[in-house]
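Q: Numbering (my numbering), first residue to last: 2 to 360.
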Amino acid sequence: MGGGTSEPVVFGLETPILKVDGPASDDVEASSACPTRFMTATWVDDPEMTRKGGKCYWAYLHDRVRYKGPQVPRQDKLAIQSYWSQHAFVFPRVAAPMVLQYISMRFLNYSWPWPLAFVLYSFSFLGFSDDMANEFNRLSEEHGFLDGEKLRDNIPDGRLASTSISTILIVTVRPLLGCFLAYKRQELPHVDLWTPVHMFIYTCLIDFWYYVYHRAMHEVDFLWRFHKTHHMTKHPCTTLAILADPVQSFCDMIVIPLISFKCHPMSFHVWWMTTVYLFYIEAVMHAGTRLYWTSPVTGPILEPLGMELVLEDHDLHHRNGWGKASNYGKQTRIWDVLFGTTRSRLEMVPENIDWNQRV
């Protein structure tokens with residue numbers, strides 16, 4: 002599928018050659034004959050290289066995110082990343098720009114025009130992503146990674162520029178989309194008892210549309226070309242969540258959120274909260290951290306039903322997801338369960354989880 006691949010790719014120290022039929026049409030296709038070449042990241046060990054071509058940011062980031070941790074046997078117990086600790090990390094950062102806007106409107110009698118709201122919410126988004134990288138690094142250093150005998154991939158040399166651009170686009174395009182769809186200058190920031198309900202519904206909706214288009218990209222040969230860049234990594238890290246073809250990036254950032262919002266409109270501030278939590282879970286599912294980690298938005302309801310998505314589900318999707326795959330959901334496991342595309346977990350099985358150790 003997708004270029005006539007005859008066997009799955011496995012990245013590691015001993016990577017088998019992936020046979021490719023036909024000419025190499027782009028850098029991904031050319032590198033498919035030697036996947037390790039595509040994922041080579043020499044820049045992280047070359048101080049001079051990181052200071053050329055705008056790579057200083059990634060050198061700075063890599064000082065914080067080493068993608069190394071203790072090697073833990075698969076049968077060892079896993080701690081649980083609790084819902085409350087996740088909310089304690091995410092919610093204050095989500096609420097910060099809302100509080101500033103509330104103070105401005107309520108006490109200074111100044112309502113933000115949408116360009117100002119766009120700028121301030123975008124900077125808040127960027128700050129959140131940086132804090133998130135630091136937090137994931139800390140947890141990974143303490144608890145290790147899934148499939149710990151294999152090293153985690155890093156941003157490949159040939160994708161530093163595009164990954165930098167994708168980072169800027171994510172923290173700007175999503176707030177811009179929210180301003181376009183829902184921002185009202187005179188609307189005071191607020192949350193109420195219905196906010197978690199709207200967040201849950203929107204998360205399940207966006208996961209449905211993502212499931213449909215994600216599965217199609219895996220199973221339709223013509224569409225696979227737009228997704229295979231993302232699957233060049235078999236052991237992703239948080240920053241590789243944004244490694245993608247431009248077409249996939251456009252769908253992820255604009256098309257799928259737009260369709261989902263049209264299905265379930267929300268106020269700007271509820272949309273903002275939901276979007277940051279969605280972004281957080283997208284990053285979690287690529288982190289590889291060896292913790293029983295599921296969404297604080299949907300997990301409390303879906304876990305008793307066996308439909309919660311845990312970190313290992315998407316990690317296994319990357320390890321085994323070349324062409325037709327499993328675990329297509331990125332926020333929940335609802336649609337994988339209903340349509341029979343789940344994959345058995347290896348480490349996050351009940352007997353491996355220490356239910357008394359919460360992080």
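C-beta atoms are modelled at their ideal positions from N, C-alpha and C, and glycine is treated no differently.
1) From this set, Met286, Ala326, Pro266, Ser165, which residue's C-alpha is nearest Gly179's C-alpha?
2) What residue range is occupied by the uninterrupted alpha helix (DSSP H) comprising Trp356?
3) Give the range of the alpha helix (DSSP H) segment to which Ala245 is assigned.
4) Relative to the C-alpha of Val95, which residue among Tyr122, Val213, Ile104, Ser112 is closest?
5) Please classify Thr290: does DSSP put it in a helix, a strand, or coil?
6) Label Gly307 either buried or exposed according to how many other C-beta atoms from any shown protein chain fall within 10 Å of its C-beta, with 16 as the threshold for buried.
7) Let me know the secondary structure DSSP gives Ala363 once reduced to three states.
8) What did DSSP end up calling Val271 once you bin it into helix, strand or coil?
9) Using the Cβ count rule (16 or more neighbours within 10 Å means buried), how would you classify Phe352?
10) Restricting to Cα atoms, I'd like to know which of Gly330, Arg175, Ser165, Met233 is closest to Arg153.
11) Residue range of the beta strand (DSSP E) that Ile81 falls in?
12) Let's see if you can read the secondary structure: which residues bound the alpha helix (DSSP H) around Asp314?
13) Between the beta-carbon of Pro247 and the beta-carbon of Gly289, is there less than 8 Å?
14) Would you say Pro157 and Ile207 are within 8 Å of each other, going by their C-beta atoms?
15) Relative to the C-alpha of Leu310, which residue among Ala326, Gly330, Trp323 is closest?
16) With a threshold of 8 Å, are at least 3 pairs of Cβ atoms found where one atom belongs to the segment 292-306 and the other to the segment 106-124?
17) Does DSSP put Pro36 in a helix, a strand or coil?
18) With a cut-off of 8 Å, do at least 3 Cβ pairs link the segment 86-103 to the segment 177-197?
19) Who pairs with Thr295 in a beta bridge, going by DSSP?
20) Would you say Leu244 and Thr168 are within 8 Å of each other, going by their C-beta atoms?
21) What is the DSSP secondary structure of Phe227, reduced to helix, strand or coil?
22) In angstroms with no decimal places, state the Cα-to-Cα distance between Asp28 and Arg139.
23) When the Cα of Gly149 is compared with those of Lys185, Glu142, Arg75, which residue comes out closest?
24) Let me check one thing: in DSSP terms, what residues is Phe146 bridge-paired to?
25) For Gln332, does the three-state DSSP call read helix, strand or coil?
26) Would you mind sorting Cys252 into buried or exposed? The rule is 16 or more other CB atoms within 10 Å of its CB.
27) I think Ala118 touches Tyr184, with their Cβ atoms under 8 Å apart; what is that distance to the nearest whole Å?
28) Glu142 to Leu317, Cα distance in whole Å?
29) What separation, rounded to the nearest whole angstrom, lies between the Cα atoms of Thr275 and Met200?
A: In short, the structure shows the following:
1) The count along the sequence shown starts at 1 and reaches residue 179 at position 178. For Gly179, the nearest C-alpha among the options comes from Pro266.
2) Position 355 of the sequence shown, counted from the start, is the residue given in the question as residue 356. Unbroken run through Trp356 is the beta strand (DSSP E), 354-359; no alpha helix (DSSP H).
3) Reading the sequence shown from its first residue, position 244 is the one you call residue 245. Note, Ala245: premise wrong, no alpha helix (DSSP H); not H, not E.
4) Working through the sequence shown from its first residue, we reach residue 95 at position 94. Per the Cα distances, Tyr122.
5) Position 289 of the sequence shown, counted from the start, is the residue given in the question as residue 290. DSSP places Thr290 in strand when its eight states are reduced to three.
6) Here residue 307 refers to the residue found at position 306 when the sequence shown is read from its first residue. With a 10 Å radius around the Cβ and a threshold of 16 neighbouring Cβ atoms, Gly307 comes out exposed.
7) Since the displayed the chain opens at 2 and closes at 360, residue 363 lies outside it and no answer follows.
8) Working through the sequence shown from its first residue, we reach residue 271 at position 270. Here Val271 sits in helix by DSSP.
9) Reading the sequence shown from its first residue, position 351 is the one you call residue 352. A small correction: the amino acid at residue 352 is Glu; Phe does not occupy that position in the sequence shown. It is exposed - the Cβ of Glu352 has fewer than 16 other Cβ atoms within 10 Å.
10) Residue 153 sits at position 152 when you count from the first residue of the sequence shown. Of Gly330, Arg175, Ser165, Met233, the residue nearest in Cα terms is Met233.
11) Counting from one through the sequence shown, the residue named residue 81 turns up at place 80. 79-81 is the extent of the beta strand (DSSP E) around Ile81.
12) Along the sequence shown, read from residue 1 onward, the residue named residue 314 stands at position 313. Unbroken alpha helix (DSSP H) run through Asp314: 312-321.
13) Within the sequence shown, the letter at position 246 stands for residue 247. Within the sequence shown, the letter at position 288 stands for residue 289. In this structure, Gly289 does not lie closer than 8 Å to Pro247 by Cβ.
14) Here residue 157 is taken as the residue at index 156 of the sequence shown, counted from 1. Here residue 207 is taken as the residue at index 206 of the sequence shown, counted from 1. For Pro157 and Ile207, no; Cβs fall outside 8 Å.
15) Working through the sequence shown from its first residue, we reach residue 310 at position 309. Nearest C-alpha to Leu310: Gly330.
16) These segments do not touch.
17) In the sequence shown, the residue the question calls residue 36 occupies position 35. Model confidence at Pro36 stands at a pLDDT of 49, short of 50, so the residue's coordinates are unreliable; what they give is reported in the following sentence. Looking at Pro36 - three-state DSSP - the assignment turns out to be helix.
18) Taking a contact to require three or more Cβ pairs closer than 8 Å, the segment 86-103 and the segment 177-197 qualify as touching.
19) Sequence index remark: in the sequence shown, residue 295 carries index 294 (1-based). Val311, per the DSSP bridge assignment.
20) Here the question's residue 244 lines up with position 243 in the sequence shown. Here the question's residue 168 lines up with position 167 in the sequence shown. No, the pair does not count as a contact, with Cβ atoms beyond the cut-off.
21) Here the question's residue 227 lines up with position 226 in the sequence shown. The answer is coil: DSSP assigns Phe227 none of H, G, I, E or B.
22) Against the sequence shown, residue 28 aligns to sequence position 27. Against the sequence shown, residue 139 aligns to sequence position 138. Because Asp28 carries a pLDDT of 42, less than 50, the predicted location of this residue cannot be relied on, and the following value inherits that uncertainty. Rounded to whole angstroms, Asp28 and Arg139 show a C-alpha spacing of 34 Å.
23) One-based indexing of the sequence shown puts residue 149 at position 148. For the residues Lys185, Glu142, Arg75, the minimum Cα distance to Gly149 belongs to Arg75.
24) Sequence index remark: in the sequence shown, residue 146 carries index 145 (1-based). Thr290, per the DSSP bridge assignment.
25) Translated into positions along the sequence shown, residue 332 becomes position 331. Reduced to three states, the DSSP call for Gln332 is coil.
26) Here residue 252 corresponds to residue number 251 of the sequence shown, with the count starting at 1. By the neighbour-count rule (16 or more Cβ atoms within 10 Å), Cys252 is buried.
27) Your numbering for residue 118 matches position 117 in the sequence shown. Your numbering for residue 184 matches position 183 in the sequence shown. About 6 Å separates the beta carbon of Ala118 from that of Tyr184, a gap short enough to meet the 8 Å contact definition.
28) For the purposes of this step, residue 142 is taken as residue 141 along the sequence shown, with counting starting at 1. For the purposes of this step, residue 317 is taken as residue 316 along the sequence shown, with counting starting at 1. Cα to Cα, the separation comes out at about 21 Å.
29) For this step, residue 275 is matched to residue 274 along the sequence shown. For this step, residue 200 is matched to residue 199 along the sequence shown. Here the alpha carbons of Met200 and Thr275 stand approximately 5 Å from one another.
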